[in-house]
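**Student:** Residues are numbered in my numbering as their position in the sequence shown, beginning at 1, plus a constant of 8. Where is the CB? At the ideal position from N, CA and C, for every residue including glycine.
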Amino acid sequence: MYSPLLSMYQSRCAARAAGLVAAGMLVAAFCLPAQGLAADPEAGRRTFQSSCASCHAVASASNGFGPHLKGVLGRPAASLPDYAYSPALADAGEKGLVWDEQALSEFLSSPSSKVPGTKMRFFGFWTQSSIDDVIAYLRNNP
């Protein structure tokens with residue numbers, strides 16, 4: 009049996025449910041961390057140039073104040089023979105620290121938390137997106 013009142017009630021419930029779904033999607037889009045978004049190597053290049061290039065090179069295998077980062081992804085920590093690493097980083101390398109994306113992400117977030125005693129004078133990037141962008145830049149410059 010068809011009831012206009014029942015039809016009106018169902019329409020209102022459907023509209024309310026659709027509104028709640030849309031509101032939930034907005035909350036997720038603007039309030040939750042942006043995970044899974046593609047990193048931007050060009051933004052990483054700009055961040056590297058402004059924050060890292062005064063001490064580290066990527067395009068060449070020559071060390072500056074810090075070790076060069078050419079081919080750093082997959083390289084064991086403190087493994088360049090012509091750079092004087094801190095004892096803390098040398099010890100981390102001897103214990104098996106390899107600069108994969110996870111280790112680099114942790115280090116770039118807070119070097120002194122990842123490797124206590126490191127001589128690197130950088131407090132870390134504030135955002136995960138900056139870290140991801142720099143890693144994407146390093147990945148594109150093996």
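1) Excluding the 5 residues preceding and the 5 following LYS122 in the sequence, name in chain order all residues of the same chain whose CB lies nearer than 6 Å to its CB.
2) According to DSSP, what are the bridge partners of PRO84?
3) Go to SER94, then tell me how far its alpha helix (DSSP H) extends in each direction, as first and last residue.
4) Out of LYS78, THR126, SER118, which has the shortest C-alpha to C-alpha gap to GLN136?
5) Who are the near neighbours of LEU112 in its chain, counting only those whose CB is closer than 6 Å to its CB and skipping five residues on each side?
6) Just verifying my parser: in three-state terms, what is the DSSP assignment at ARG147?
7) Can you give the Cα-Cα distance for PHE73 and GLN57, rounded to whole angstroms?
8) Between the C-alpha atoms of VAL106 and VAL80, what's the straight-line distance to the nearest angstrom?
9) Quick check on DSSP: helix, strand or coil for ALA100?
10) Just the Cα atoms here: how many angstroms apart are LYS103 and ARG53?
11) May I ask you to report which of helix, strand or coil DSSP gives LEU116?
12) CA-CA distance, GLY101 and THR126?
**Tutor:** In short, the structure shows the following:
1) Same-chain partners within the cutoff: GLU114, PHE115.
2) In the DSSP assignment, PRO84 forms a beta bridge with VAL106.
3) Per DSSP, SER94 is not a residue of any alpha helix (DSSP H), being assigned neither H nor E.
4) For the residues LYS78, THR126, SER118, the minimum Cα distance to GLN136 belongs to SER118.
5) Excluding residues within five positions, the ones whose Cβ falls inside 6 Å are ILE143.
6) In this structure, ARG147 counts as helix in the three-state DSSP scheme.
7) Approximately 15 Å between the Cα atoms of the pair.
8) Looking at the two C-alpha atoms, the distance is approximately 9 Å.
9) Three-state result, ALA100: helix.
10) The straight-line gap from Cα to Cα measures roughly 30 Å.
11) Per DSSP, reduced to three states, the secondary structure at LEU116 is helical.
12) So the two alpha carbons sit approximately 12 Å from each other.
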